[in-house]
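Contents: one structure, followed by commentary.
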Amino acid sequence: MRSVGAAAMLLALSVSMNAAHAQSVAMVTDVQGKAATQPASGKPLTLTITTEIAGEAAVRLEPGARLSVLYLASGDEYQFSGPAQIRFGKTEPQVLSGAAAQKRVAAPTKAAAVRVSGVTQAGLVMRSAGTGRIHLLTLASTRTLEAAPEFRWQA
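One point on numbering: in our numbering, the residue at position 118 of the sequence shown is 125, and numbering is uninterrupted.
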């Protein structure tokens, strides 16, 4: 019976260590071009804005690609340009090949760290082949006192 309990405890410890190891350390704030993770096994994950990057993750930037990443614990921002290969450590990234990262240090405040649990998407980028401008149908060239105005656009 003791060996079963010890095995269960060892399994629980292993799972918790893997979960801690896979915790997000950074978040993508801008990406231009092709950037993707390089997993040891499985399919690469294409990086987009607000993608969270796990600790010790490897990322590959294609030639001409640019990537901006915000470290969640410190609030420091790192900018990379491709071609490059980067490994994301717990406190800072390590460029394995390619141009050195440009670091922008967060302003020294008490709340420099980003709390992922309190982060909500603030905007949405919509792209199109471009058929022209979007024409506003209501509340165009006017003022309103409504607390929650309703906007309508031409389809």
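Where is the CB? At the ideal position from N, CA and C, for every residue including glycine.
- Ranked by Cα distance from I56, the options G105, G89 and L74 are led by L74.
- In this structure the region 101-108 touches the region 74-88; the number of beta carbon pairs closer than 8 angstroms is three or more.
- In the structure shown, D37 adopts extended strand secondary structure according to DSSP, grouped into three states.
- DSSP places E59 within a strand segment (E or B) once states are collapsed to three.
- Nearest to A65 by C-alpha distance, out of A91, G130, T44 and V38, is T44.
- Annotated three-state conformation of V112 is coil, per DSSP.
- Classified as exposed, A80 has fewer than 16 neighbouring CB atoms from the shown chains inside 10 Å of its CB.
- Per DSSP, reduced to three states, the secondary structure at Q92 is strand.
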